[in-house]
Amino acid sequence: MGILETLFGVEDIGKLAKQDIVNDMMKDSKFALSSLILAISESSNPQMRQVLKKELNSALQKHFRLADIAVENDWYHPYWVPNKQVKEDYENAQSIIRE
233 MGILETLFGV
243 EDIGKLAKQD
253 IVNDMMKDSK
263 FALSSLILAI
273 SESSNPQMRQ
283 VLKKELNSAL
293 QKHFRLADIA
303 VENDWYHPYW
313 VPNKQVKEDY
323 ENAQSIIRE
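In our numbering, the protein residues as written are 233 to 331.
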């Protein structure tokens with residue numbers, strides 16, 4: 233049983249569901265990183281900036297791990313040219329519509 237199955241308490245949540253969960257977590261992770269960077273840049277308190285920098289470093293490590301999981305499972309292709317990425321997204325959307 234993998235981490236997502238353990239987290240959600242089921243035996244097999246399926247490939248597409250796993251991919252969707254990881255993609256959603258990556259989206260949320262990117263938003264958290266952006267928010268932390270904004271908070272650091274807006275903070276005037278040096279102690280607060282230090283706390284936020286530690287949180288940013290932790291969030292970066294978690295995001296990198298999520299990206300590694302997605303790449304290892306062939307769910308994320310950061311090195312593809314944009315046209316190829318759009319084509320795959322379109323094909324995935326078409327297969328979902330057909331189901």
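Note that CB positions come from ideal geometry on N, CA and C, so glycine has one too.
Quiz item: Which one of ALA302, ALA291 and MET280 has the shortest CA to CA distance from LYS250?
Solution: The residue given as residue 250 occupies position 18 in the sequence shown. When only C-alpha atoms are compared, the closest one is ALA302.
Practice problem: Let me know the secondary structure DSSP gives SER275 once reduced to three states. | Solution: Looking up residue 275 in the sequence shown gives position 43. In the structure shown, SER275 falls within a coil segment according to DSSP collapsed to helix, strand and coil.
Quiz prompt | Beta-carbon proximity list for SER264, same chain, < 6 Å, skipping 5 on both sides | solution = As a working note, residue 264 is residue 32 in the sequence shown. Just to set this straight, residue 264 is Ala in the shown sequence, not Ser. Taken in chain order, the residues that qualify are ALA291.
Self-check item: Selected residue, minimal CA-CA separation from SER266, among GLU287, ASP252 and PRO278
Solution: Translated into the one-based positions of the sequence shown, residue 266 becomes position 34. Taking only the C-alpha atoms, the option nearest SER266 is GLU287.
Quiz item: Going by the CB atoms, is the gap between HIS295 and SER273 shorter than 7 Å?
Solution: Counting from 1 along the sequence shown, the entry for residue 273 is found at position 41. Counting from 1 along the sequence shown, the entry for residue 295 is found at position 63. The Cβ-Cβ distance between SER273 and HIS295 does not fall below 7 Å.
Quiz prompt | First through last residue of the alpha helix (DSSP H) which encompasses PRO314 | solution = Here residue 314 is taken as the residue at index 82 of the sequence shown, counted from 1. Where PRO314 is concerned, the enclosing alpha helix (DSSP H) stretches over 314-330.
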